[in-house]
Amino acid sequence: MNIKFKELDRKIAKYMQRLSIPAIRISFAVIFIWFGILKPIGLSAAIPLVKSTVSWMPLFAAETWVDIIGWWEVLIGIFFLFKKSTRIAIGLLFLQMTGTFMPLFILPEVTFQGGNILLPTLEGQYVIKNIMIISAALTIGGSLIYSKK
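Under our numbering, the first residue of the sequence shown carries the number 168, and numbering increases by one thereafter.
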């Protein structure tokens with residue numbers, strides 16, 4: 168490899184490394200605040216899936232759980248905006264992700280085509296893509312041990 172190319176590659180990689188964690192945190196903030204607020208105002212496309220998933224849960228009606236989950240997501244997003252509250256955001260996110268994967272197990276007729284786990288429906292894909300969100304949260308969490316604060 169050419170020396171100049173290696174130097175350029177190293178500079179680009181350092182730049183990407185410096186931007187990566189803030190970019191993930193801002194992305195989380197945008198996604199969780201945006202998608203979260205849609206639930207309590209009744210405009211989320213995910214409301215039917217959430218209601219079906221939480222209908223068995225005690226204490227509140229499914230509609231109330233939708234609101235609680237939506238505000239929970241907004242909180243996750245807000246906490247990701249600030250470096251000092253990132254650990255709280257990650258904790259809330261992992262609790263939220265537990266519930267997010269529930270449709271795969273309690274609503275397989277909705278999340279998989281014909282019950283075949285190799286053929287997710289659009290709803291199933293919506294849930295499964297959260298593996299990437301978990302991976303990004305692990306990346307942020309792993310970076311916290313290296314930060315000065």
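C-beta: ideal position from N, C-alpha, C; glycine also.
Identify the continuous alpha helix (DSSP H) that holds L305 and give its terminal residues.
297-310
When the Cα atoms are used, what is the spatial distance from P301 to I257?
Position check: residue 301 holds Ile in this sequence, whereas Pro was assumed. Each residue's Cα considered, the two are about 9 Å apart.
DSSP three-state call for F246: helix, strand or coil?
helix
In whole angstroms, what is the alpha-carbon distance linking M299 and E276?
23 Å
Rounded straight-line distance, which links the Cα of A229 to that of I193
30 Å
Among residues of its own chain, excluding the 5 on either side of F199, which ones have a beta-carbon nearer than 6 Å to its beta-carbon?
Excluding sequence neighbours, F199 sits near E240, I243, G244.
Would you list the residues sitting across from F279 in a DSSP beta bridge?
P287
Expected contact under 8 Å - CB spacing of A303 and I191 to nearest Å:
5 Å
Helix, strand or coil for K173, going by three-state DSSP, please let me know.
helix
How would you write the range of the alpha helix (DSSP H) that S219 sits in, first residue to last?
Bounds of the alpha helix (DSSP H) holding S219 are 214-221.
At what residues does the alpha helix (DSSP H) containing A256 begin and finish?
Where A256 is concerned, the enclosing alpha helix (DSSP H) stretches over 253-267.
Put L271 into one of helix, strand or coil per three-state DSSP.
helix
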